[in-house]
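Asker:
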Amino acid sequence: MWQMCKDAVFYCIEFFYNFCGDWGLAILLITIIFRLLMTPLMHKQAKSSYMTQKLQPKINKINELFADDPARRTEETQKIYAEAHFNPLAGCVPMLIQMPIFIALFQVLRELDVYMTDASNYCFYNIINDLVMTPSQAFEAGFGTFVPYLILLLIFALATFLPMVIQQFNSDNSQRTMMIVMGVVMTAMMLWIGWSSPAGVLLFWGASSVIGIAQNFISRAICKKNDKEAEELKFEAAGKPVEVDVTRKVQKKRNKKKSSKKRK
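Okay, so the sequence shown: first residue is 0 according to numbering that gives the first Met the number 0, each after it adds one.
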């Protein structure tokens, strides 16, 4: 079953190669289409991350107030999530949905030379002569051959680090420092992984990460805009006087005949 999924991914890449005549460009097109299809899920994930960061000061305050009472701390935290109509686990669902597709693409690109009978034209517009070659192999081939692979490797690694830094601009100092350190460690790990990964994998992952940064930036801008509009509506509602709809009862007409009889 998994092999069928990988075969389907390769056929998609091959289709775009037959259309554009370049394997590197075909990988970029597949990456762009994959990211566009995942846009709703990525927006949901970015929104979840934004809400987590937004509610973090309140959560930290609760953790301080009820440090010795875990049950009360959990209860108050759940109240905050309920008031904000936010489920912290919702951001994990989009990641779980897209991971199988992402892994299939990753594995196909690592094994692309196995799928192809002739890999002699497996290049990216002569910028990268061989997308099957790894940066370590390119380094052994000479500095001139290694330079484009080095640039691709740096994009691959830094694109993993930058989103973690961008998300921490409005965080407190302790959390920001911790995430930056984690980002540096992640970047070092990505450099180590990328050193022995085919250039096709680096091209896919790097392009995907760059597009992901742009999508995250747009999603956060939308969230901030929605928050601003909601605050303005609250302010306008607070400034207006309370309107009370008073409906007067209609008085019934007196029966003149009955009243005249009573007088007689």
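Cβ atoms here follow ideal geometry from the backbone N, Cα and C, with glycine treated the same way.
Report the three-state DSSP secondary structure of Val-241 (helix, strand or coil).
Answerer: Any reading at Val-241 must be qualified, since the residue scores a pLDDT of 49, below 50, and its modelled position is unreliable; the value itself is stated next. If DSSP states are grouped into helix, strand and coil, Val-241 belongs with coil.
Asker: Just the Cα atoms here: how many angstroms apart are Thr-186 and Phe-155?
Answerer: Taking the straight line from one Cα to the other gives about 9 Å.
Asker: By Cβ distance below 6 Å, which residues in the same chain neighbour Val-241 in space, the five residues on each side in sequence not counted?
Answerer: Low per-residue confidence applies at Val-241: pLDDT is 49, beneath 50, and the placement is therefore not dependable enough to give any value.
Asker: Distance check for Ile-127 and Leu-266, CA to CA, integer angstroms please.
Answerer: Given that the chain is displayed from residue 0 to residue 263, the structure contains no residue 266 and the question cannot be resolved.
Asker: By DSSP, does Ile-126 sit in helix, in strand, or in coil?
Answerer: Here Ile-126 sits in coil by DSSP.
Asker: Verify whether the separation of the beta carbon atoms of Leu-153 and Leu-201 is less than 7 Å.
Answerer: Not in contact: Leu-153 and Leu-201 (Cβ atoms no closer than 7 Å).
Asker: Would you decide whether Lys-261 is buried or exposed? Buried here means 16 or more other CB atoms lie within 10 Å of its CB.
Answerer: Here the model assigns Lys-261 a pLDDT of 49, short of 50, so the residue's position is not dependable, and the following value carries that caveat. Exposed: under 16 other Cβ atoms inside 10 Å.
Asker: Where do the ends of the alpha helix (DSSP H) carrying Gly-23 lie?
Answerer: That run of the alpha helix (DSSP H) goes 22–36.
Asker: Rounded to whole angstroms, what's the CA-CA distance from Met-177 to Asn-17? Just pull it up for me.
Answerer: Near 47 Å, if we compare the C-alpha coordinates of Asn-17 and Met-177.
Asker: Are at least three pairs of beta-carbons, each pair with one atom in the segment 204–213 and one in the segment 23–33, less than 8 Å apart?
Answerer: Yes: at least three Cβ pairs fall under 8 Å.
Asker: Are the segment 51–58 and the segment 108–115 in contact at 8 Å, needing three or more beta carbon pairs?
Answerer: These segments do not touch.
Asker: Suppose only complete runs of 4+ residues qualify. What are the alpha helix (DSSP H) ranges in the segment 172–198, listed by chain order?
Answerer: Fully enclosed alpha helix (DSSP H) runs of 4 or longer: 172–194.
Asker: Count the other C-beta atoms from every protein chain shown that fall within 10 angstroms of the C-beta of Asn-215, then say buried if there are 16 or more, exposed otherwise.
Answerer: Buried.
Asker: Leu-54 by DSSP, collapsed to three states: which one?
Answerer: Note: Leu-54 maps to helix in three-state DSSP.
Asker: Out of Cys-91, Gly-193, Ala-81, His-84, which one is the CA nearest neighbour of Met-132?
Answerer: Comparing Cα positions, the closest option is Gly-193.
Asker: Is the CB-CB distance between Leu-95 and Ala-198 below 7 Å?
Answerer: Their beta carbons are not under 7 Å apart, which means Leu-95 does not touch Ala-198 by this criterion.
Asker: Mind checking Tyr-34: buried by the 16 CB within 10 Å criterion, or exposed?
Answerer: Per the sequence shown, the amino acid found at residue 34 is Arg instead of Tyr. Result: buried.
Asker: I'd like to check one pair, Ile-61 with Arg-72: are the Cβ atoms closer than 7 Å?
Answerer: Yes.
Asker: Quick one: grab the DSSP three-state call for Gly-141.
Answerer: Reduced to three states, the DSSP call for Gly-141 is coil.
Asker: Provide the residue span of the alpha helix (DSSP H) that contains Asn-17, from first to last.
Answerer: First-last of the alpha helix (DSSP H) with Asn-17: 1–19.
Asker: Taking 8 Å as the limit between beta carbons, can you name the residues of its chain near Lys-263, skipping five residues before and five after?
Answerer: Confidence at Lys-263 is low in this model, with a pLDDT of 49, below 50, so the placement of that residue should be treated as unreliable; the coordinate-derived value is given next. Cβ neighbours of Lys-263 beyond the five flanking positions: none.
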